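**Student:** Supplied in structure tokens, the structure appears directly below.
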Ligand SMILES: Nc1ncnc2c1ncn2[C@@H]1O[C@H](COP(=O)(O)OP(=O)(O)OP(=O)(O)O)[C@@H](O)[C@H]1O
Ligand SMILES: Nc1ncnc2c1ncn2[C@@H]1O[C@H](COP(=O)(O)OP(=O)(O)OP(=O)(O)O)[C@@H](O)[C@H]1O
Ligand SMILES: [Mg+2]
Ligand SMILES: [Mg+2]
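Protein chains in written order, with my numbering: chain A, 548 to 772; chain B, 548 to 772.
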């Protein structure tokens, strides 16, 4: 369902060019469970942003369900992002002036759900990540790992079929990390497609396939057995 | 050099009271190397903020080098924070409009160093964390792990004698994490006092003493052998 064809992403900083991605090709099929690994700065978040329709490549093509994403207008892209793709950001990206419940409710508002549904689904999502007693806390009234879990709840609340998780357990202790990974494992068993960026082998071993990035290129792409 | 005596920290959210710390007592000696562990929300960052003079307790006393910190005026506290304590924040807290070099230079400016010294020390600090080729990038032009390393470089640039690191490797791959831990190990051998909050046993094993927090209380405090 996802085809990256020779994707490059080049940034210009001052007079220097940074090749964040230098020609990446990758096929992701329905119900795949991928782990993306690679050292700091190797291009993982850049690749996730392109797959999640949050950024466009400098060159190459991205086909999503056979449609060339670069050919889609903003409204169509926006609708895909909100309904089909759940994105857990590496740096959470929560709205500072809203509490946990309000933050998790945002995708439901965009999906046009009514107030009762919004309240029910957002509350459920927060309880699922163990934050039932923190729903009225704003981000600065939450611990690092609690903010991460609000970001996770928000990404899953619309039941998206493609889940992109950029280091979803970086701020979590091992017990909480296992709970989150069990959540993702269950979503995979339910037929969804999961892509997790991680630095930790313990997290990567949940996936069925491991893709390694190095200096903006794919170094290896193997099944996990 | 650090005595926490029955420290409590209570937050009020709406009508609820949250006991982030519920009576914590801890002695830290010169040249100690502590790891602080505990599940998400157990009070680790709250404790670090109090030790780092960034926050004050609701009750209890904090003696730093035998002085009651609550008795010190703002200028004195500020001077201790800037010169004696290096703080690596869990969420980095970089200035978005300044590049990596400028961010790392901030403590040197406050320490009254001249321009040539500032440039030299800030550049050295960034090279030490492997970011010699990213010095002119702003935070939004850096990967998650690169931002974390800028925060680390900034904390160490004034050669503080007390280093408080709140999850310094949460966004780093294993190779880069090891480089950072070697840095901290060397600083410890040089006579400094190191306190690291971490969720990972691989990181905690570098420390000589492990303190475990649970629900705002110290659950255990043991030597690491
Ligand atoms: N400003 C605040 N207002 C209300 N509650 C707060 C505030 N800051 C922290 N808390 C609560 O205090 C508790 C401890 O927070 P703290 O940030 O110290 O946890 P932590 O051990 O660092 O967790 P993590 O491993 O997730 O970073 C959490 O339950 C959090 O919700
Ligand atoms: N807006 C930008 N402008 C310039 N360079 C950028 C920009 N965004 C990212 N980069 C650079 O592109 C490279 C890849 O960044 P990316 O965020 O994809 O890395 P990553 O693999 O996610 O790293 P980490 O594990 O540290 O999160 C890095 O070297 C980074 O400095
Ligand atoms: Mg990243
Ligand atoms: Mg914390």
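C-beta: ideal position from N, C-alpha, C; glycine also.
Keep in mind the model is a prediction, meaning the values are calculated, not measured.
Would you give the residue range spanned by the alpha helix (DSSP H) that residue 623 (chain A) belongs to?
**Tutor:** 621-631
**Student:** Note down the Cα distance separating residue 676 (chain A) from residue 691 (chain B), rounded to an integer number of angstroms.
**Tutor:** 23 Å
**Student:** Under a three-way DSSP split, which group does residue 736 (chain A) fall into?
**Tutor:** helix
**Student:** Using the three-state DSSP reduction, which class does residue 721 (chain A) fall into: helix, strand or coil?
**Tutor:** helix
**Student:** Check whether chain B comes within 8 Å of residue 650 (chain A), counting only Cβ atoms and requiring the distance to be less than that.
**Tutor:** no
**Student:** Quick check: the Cα distance between residue 751 (chain B) and residue 696 (chain B), rounded to an integer number of angstroms?
**Tutor:** 19 Å
**Student:** Identify the contact partners of residue 675 (chain B) in chain A, using a Cβ-Cβ distance below 8 Å as the criterion.
**Tutor:** Per Cβ cutoff of 8 Å: no residues; residue 675 (chain B) is ~15 Å from chain A at best.
**Student:** Tell me which residues share the same chain as residue 565 (chain A) and place their Cβ nearer than 6 Å to its Cβ, disregarding the 5 neighbours each side in the sequence.
**Tutor:** 558
**Student:** Alpha carbon to alpha carbon, what distance is there between residue 668 (chain A) and residue 492 (chain A)?
**Tutor:** Residue 492 (chain A) is absent from the model: chain A starts at 548 and stops at 772.
**Student:** What are the partner residues of residue 591 (chain B), as DSSP defines its beta bridges?
**Tutor:** Looking at the DSSP assignment, residue 591 (chain B) forms no beta bridge with any residue, so it has no partner.
**Student:** Exposed or buried, what is residue 729 (chain A) when buried is set at 16 or more other beta-carbons lying within 10 Å of its beta-carbon?
**Tutor:** Classification of residue 729 (chain A): exposed, given that the 10 Å Cβ count is below 16.
**Student:** Could you check whether residue 765 (chain A) and residue 616 (chain A) sit closer than 8 Å to each other, using their CB atoms as the reference points?
**Tutor:** no
**Student:** Taking 8 Å as the CB-CB limit, is residue 679 (chain A) close to chain B?
**Tutor:** It does not; no Cβ of chain B falls within 8 Å.
**Student:** Return the CA-CA distance between residue 550 (chain B) and residue 683 (chain A), expressed in angstroms with no decimal places.
**Tutor:** 34 Å
**Student:** Hey, is residue 725 (chain B)'s beta-carbon within less than 8 Å of any beta-carbon in chain A?
**Tutor:** no
**Student:** Beta-carbon of residue 697 (chain A) versus every beta-carbon of chain B: anything under 8 Å?
**Tutor:** no
**Student:** Compare the beta carbon distance of residue 745 (chain A) and residue 584 (chain A) with 8 Å and say whether it is the shorter of the two.
**Tutor:** yes
**Student:** Can you tell me where the beta strand (DSSP E) holding residue 556 (chain A) begins and where it ends?
**Tutor:** 549-560
**Student:** Pull up the distance between the alpha-carbon of residue 698 (chain B) and that of residue 698 (chain A), whole angstroms please.
**Tutor:** 22 Å
**Student:** Could you check where the beta strand (DSSP E) with residue 571 (chain B) kicks off and where it finishes?
**Tutor:** Annotation for residue 571 (chain B): the continuous beta strand (DSSP E) segment containing it runs 563-575.
**Student:** Do you know whose CA, among A:609, A:619, A:639, A:702, lies nearest residue 652 (chain A)'s CA?
**Tutor:** A:702
**Student:** Under three-state DSSP, which class holds residue 749 (chain B)?
**Tutor:** When DSSP states are grouped into helix, strand and coil, residue 749 (chain B) belongs to the helix group.
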